[in-house]
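Asker: Just so you know, we're using this note's numbering here: the sequence shown kicks off at 3 and counts up by one.
Using N, Cα and C, we set each Cβ at its ideal position, and we do this for glycine too.
These numbers come from a predicted model, not from an experiment.
Handing you a structure now.
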Amino acid sequence: MRKESLVPGSRAAMVRHRVSARLHGPLSRFAWFVLYLDVLVIPLLLAWGAIGVAESDTGGAIELSAGLVAFSALVVAVVLPARLPWLISSFGIETILAVHRLIAKIAVVLVVVHLVAVLVFDPRHLSILALWHTTWAARAAVTSTVALVLIVVLALRRVRRQPRYEGWRLLHNGLVAVVLVTAWLHVWWLRHLVSHALLAAWFILSGLLVAGLAVRRWIVLPMRARRYAYVVASVRAVPGDGVTLVIQADGHPGLPFVAGQFVWLKIGSTPFVFEEHPFSIASTAEHPDRMEFTIKALGDFTELLVGLRPGRRVFLDGPYGGFTMAGLDSAPGFVLIAAGVGVTPLLSMLRTMADRGDQRPVRLILAARRESELMLLPEVEEVRARLHLKVVKVVSEPGPEWTGETGRIDHDVLSRNLPRRYHRLHYYLCGPQPMVTSVSHDLAALGVPLRRIHTERFGSV
């Protein structure tokens, strides 16, 4: 690939971004849906055709069908959060994780159905619990089931007790690996299914897929992050209880990204460290050699950021996300709506538009509880002089001297501040999930087409 194709703002990069936007639209989402449905159903259809499940006894049919679909659901649940850029751009990271959790729950239910069918319809199968005198296939099944139960218990415990995320995530990922490997071995050692060529090919391919994604996730991506390392240029506090981190590319032209995307940030001597956090990029996409992030001051990781000194190496995994203006060159204008630190990807969009001389009208609506908590206002004012930009500030707990909008961003605030012909504009909403959901409904009630409303919800990933 020629070097010019890696520089945002070049003709090659702009063409790539437009094509990317088309690939990540409704057609892409439908294609991913069909693919995952195939993964769930095809092994079941192959088994029915090869073994004749429909003609077997009821217990055998339930046992085999539930077990096959449960295994396929586990594969899908693992593939979903595997950081595939096209997948994240199509659905958004929050939707992917929600579907991941849903399919994982379905897999657990199917595993329970499979176990009940195995133990109830043929009581002789109780002998598999005698681990010292049973087969390796049975031992693999018991190990997989126990690990799956532990995953469920830890998930419930996390909701109630809120343990430290990184420790929980490490244990969760380790148990997921145990579940998948032992479930795969259980099927392979039984030989009942894989004695048929098509089913054997399917299970081999599924194993290679998961193994390949694991190698990519835990080896290839960290090696790429090391090759594109950055160093800390500055760390400063910003109004609104935030911290702005500025990093500079270390001996390379920078990671190309599209304004609105995010990266996972790692701090340590190596990119193979386990702890990482996702942050939206706040800087212009025209200069990927210099990236900026503004982070809300929460938890131990923020304290670590504050203690960083210039010259410290950091590593990035990304960029990811489809919350961008790519492919909207003909859009007449934009309305950007943010609460709190949700302004960061919108600031990246504004800075990129300014650097490209884009003079399409933009309206930025910012919300916070107090005026002092409105984030990145100096940065917005700095870029405002180069744009056709109007800023509206909304404060829910105003002081005595406040003269702007009050309350929350709702139907009335939007009605007063949206420009003429607002139905033709594209809307970008970023912030806490309740705010994004509420404003999305208000915009839809005002007649804004859903295809023009783009959202990014901040939350735990």
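Under 8 Å by Cβ, that's how I've got E65 and A119 pegged, so tell me the actual separation to the nearest angstrom.
Answerer: Confirmed, Cβ separation roughly 4 Å.
Asker: First and last residue of the beta strand (DSSP E) that includes E458?
Answerer: I455 to F460
Asker: Measure how close the beta-carbons of L201 and L48 come, nearest whole angstrom, since I'm counting them as under 8 Å.
Answerer: About 5 Å separates the CB atoms of L201 and L48; that is less than 8 Å, so the two are in contact.
Asker: From A68 to V113, what distance separates their C-alpha atoms?
Answerer: A68 and V113: Cα-Cα distance of roughly 7 Å.
Asker: If I measure Cβ to Cβ from Y38 and keep anything under 6 Å in the same chain, skipping five residues before and after, which residues do I get?
Answerer: Excluding residues within five positions, the ones whose Cβ falls inside 6 Å are V78.
Asker: To the nearest angstrom, report how far apart L70 and L46 are at their CA atoms.
Answerer: 6 Å
Asker: With DSSP run on the structure shown, which of helix, strand or coil describes R229?
Answerer: The answer is helix: DSSP assigns R229 an H, G or I state.
Asker: Spell out a yes or no on whether the stretch 80-92 and the stretch 314-322 are touching, meaning 3 or more CB-CB pairs, one atom from each, closer than 8 Å.
Answerer: As far as the Cβ criterion goes, the stretch 80-92 touches the stretch 314-322, which means the pair count is three or higher.
Asker: Under 8 Å by Cβ, that's how I've got F264 and F281 pegged, so tell me the actual separation to the nearest angstrom.
Answerer: Yes, they are in contact, since the Cβ atoms of F264 and F281 sit about 6 Å apart, within 8 Å.
Asker: What does DSSP give as the partner residues of K107 in its beta bridges?
Answerer: Per DSSP, none; premise fails for K107.
Asker: Whole angstroms is fine: what's the gap from W220's alpha carbon to L267's?
Answerer: 15 Å
Asker: Just list the beta strand (DSSP E) runs in the stretch 353-401, keeping only unbroken ones of 3 residues or longer that don't cross its boundaries, in chain order.
Answerer: 364-370 and 391-397
Asker: Would a C-beta distance cut-off of 7 Å place V345 and L378 closer than the cut-off?
Answerer: yes
Asker: Looking at the structure shown, is S332 part of a helix, part of a strand, or coil, going by DSSP?
Answerer: coil
Asker: Sorted by chain position, which residues of the same chain lie with C-beta nearer than 7 Å to L349's C-beta, five sequence neighbours on each side aside?
Answerer: Cβ-Cβ distances below 7 Å link L349 to A284, L378, E381 and V382 in the same chain, with the five nearest sequence neighbours on each side left out; the list follows chain order.
Asker: If you reduce the DSSP assignment to three classes, tell me which class M293 lands in.
Answerer: strand
Asker: My assumption, with CB atoms under 8 Å, is that V476 sits in contact with A149. Please give the rounded CB distance.
Answerer: For the chain, the structure presents residues 3 to 463; residue 476 sits outside this window and is missing.
Asker: Taking the alpha carbon of L247 as the reference point, which residue from R315, A185, Y230 and V115 has its own alpha carbon closest?
Answerer: R315
Asker: Just how far apart, CA to CA, sit L89 and T272?
Answerer: 27 Å
Asker: Please report the distance separating the alpha-carbon of E57 from that of A63.
Answerer: Its pLDDT being 48, under 50, E57 is placed unreliably by the model, and the measurement read from it follows with that caveat. Near 8 Å, if we compare the C-alpha coordinates of A63 and E57.
Asker: Excluding five sequence neighbours on each side, which residues of the same chain lie with their C-beta closer than 7 Å to the C-beta of A109?
Answerer: Correct list, in chain order: A72, A75, L76 and A79.
Asker: Considering only residues of the same chain and omitting the five flanking positions on each side of L25, which have a CB-CB separation below 6 Å?
Answerer: Confidence at L25 is low in this model, with a pLDDT of 38, below 50, so its placement is unreliable and the value that follows should be read with caution. Taken in chain order, the list of residues that qualify is empty.
Asker: I need the DSSP call for L427, collapsed to helix, strand or coil.
Answerer: coil
Asker: Going by C-alpha to C-alpha distance, which of L158, H102, S374 and F276 sits closest to G169?
Answerer: F276
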